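Heads up, the thing below is written out as C-alpha cells.
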Amino acid sequence: EAGVAQSPRYKIIEKRQSVAFWCNPISGHATLYWYQQILGQGPKLLIQFQNNGVVDDSQLPKDRFSAERLKGVDSTLKIQPAKLEDSAVYLCASSLEWRGTGEFFGPGTRLTVL
Amino acid sequence: KQEVTQIPAALSVPEGENLVLNCSFTDSAIYNLQWFRQDPGKGLTSLLLIQSSQREQTSGRLNASLDKSSGRSTLYIAASQPGDSATYLCAVRGGAGGTSYGKLTFGQGTILTVHP
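Chains as they are written, first to last, in this note's numbering: chain A, 1 to 114; chain B, 115 to 230.
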C-alpha cells in the first residue's frame with residue numbers, strides 16, 4: 001500500500017513570497033489533515049477535511065493560509081504572504097475516517113522563510 | 115483546551131536498558147491516545163493506539179498504558195536498542211463532551227538516544 005505523498009520535500013523562500021504544498025493521501029482515505037510542526041514542538045492541526053469538505057480550520061491563520069481538497073483526493077496548502085514564523089515542517093496525514101483508525105503521515109515539507 | 119505534556123524532554127540511555135516515557139493530558143474526555151515515533155527528516159509512524167475503554171496495548175518490546183481518569187499514559191520500551199533512537203510523541207484525540215472533540219492534540223515529544 002502506497003503511503004501519503006508530499007511535495008516538495010524542502011522549500012526555501014523569502015518573507016512575503018508565496019508557497020504551495022501538495023499532498024496525495026492513501027487511496028480510499030476520506031479524512032485528510034494538514035499539521036504544522038515548529039522545531040522542538042509537536043504537530044499542530046491546521047485544517048481537517050472530510051472528503052472535500054472542511055471539518056475543522058479553527059487554527060488556520062486564514063489571513064495568509066488557504067487549503068483545498070480537490071475532488072476529495074489531493075490537497076494543496078498555500079501560504080501567501082509568508083512570514084518568518086511560518087518556518088516549520090508541514091505534515092499531511094490521512095485516515096479512513098476521523099476517529100478510531102489512526103492517521104498515516106507523509107514525510108512532510110520543510111519550509112524555511114528567510 | 116486540551117494540553118498534552120511529555121516528560122522527560124530528552125533521555126539518553128545505554129543499550130539494553132528498560133525505559134519509561136510519560137505523557138499527561140488535561141482533559142480526560144478523550145476518544146483514544148496514540149504514541150508516535152518520528153525520525154529526523156521523516157514523518158510520524160504510529161506505534162500504538164489505545165482506545166479510551168482500554169488500559170494498555172502491546173507491540174513487541176513496546177507497551178503503552180492509559181489511565182484516563184488521571185490523565186496519564188506511559189510508554190514502556192524494553193531492552194532498548196540504538197535503532198530506537200528517535201523522537202516519541204504522545205497524542206490524544208478529543209472525545210464527546212470534551213474541549214477538543216475529534217481533534218488530535220500532540221505533546222512536544224521526548225527525544226530518545228540509545229547509545230551502544
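Glycine included, each C-beta is placed from N, C-alpha and C at the ideal position.
Computed from a predicted model, the values in this text were never measured in an experiment.
Closer than 8 Å to chain B by CB, residue i
| i | result |
| --- | --- |
| L45 of chain A | yes |
| F105 of chain A | yes |
| D56 of chain A | yes |
| G28 of chain A | no |
| Q41 of chain A | yes |
Where the beta strand (DSSP E) through residue i begins and ends
| i | result |
| --- | --- |
| D181 of chain B | 176-181 |
| V4 of chain A | No beta strand (DSSP E) contains V4 of chain A, which DSSP labels as neither H nor E. |
| T159 of chain B | 158-165 |
| G208 of chain B | 200-208 |
Proximity test, Cβ basis, 8 Å: residue i and chain A
| i | result |
| --- | --- |
| K182 of chain B | no |
| L147 of chain B | no |
| Q222 of chain B | yes |
| L218 of chain B | yes |
Contacts of residue i in chain B (Cβ-Cβ under 7 Å)
| i | result |
| --- | --- |
| G108 of chain A | G157 |
| G102 of chain A | Q148, S160, L163 |
Chain-ordered chain B contacts of residue i [CB-CB under 9 Å]
| i | result |
| --- | --- |
| L91 of chain A | G157, L158 |
Supposed contact pair residue j and residue i - C-beta distance, whole angstroms, cut 8 Å
| i | j | result |
| --- | --- | --- |
| Q135 of chain B | Y202 of chain B | Note that residue 135 of chain B is Leu in the sequence shown here, rather than Gln. That pair is a contact at about 5 Å. |
| P43 of chain A | Y35 of chain A | 4 Å |
Beta-carbon neighbours of residue i, restricted to chain A and to distances below 8 Å
| i | result |
| --- | --- |
| L176 of chain B | Near L176 of chain B there are no residues of chain A at all, since even the closest Cβ is about 15 Å away, more than 8 Å. |
| L203 of chain B | G42, P43 |
Discussion item. Just to confirm the assignment: which complete alpha helix (DSSP H) runs, minimum length 4, are found wholly within the stretch 7-91 of chain A?
Written reply: For secondary structure counted as the alpha helix (DSSP H) over 4 or more consecutive residues, the stretch 7-91 of chain A holds no complete run.
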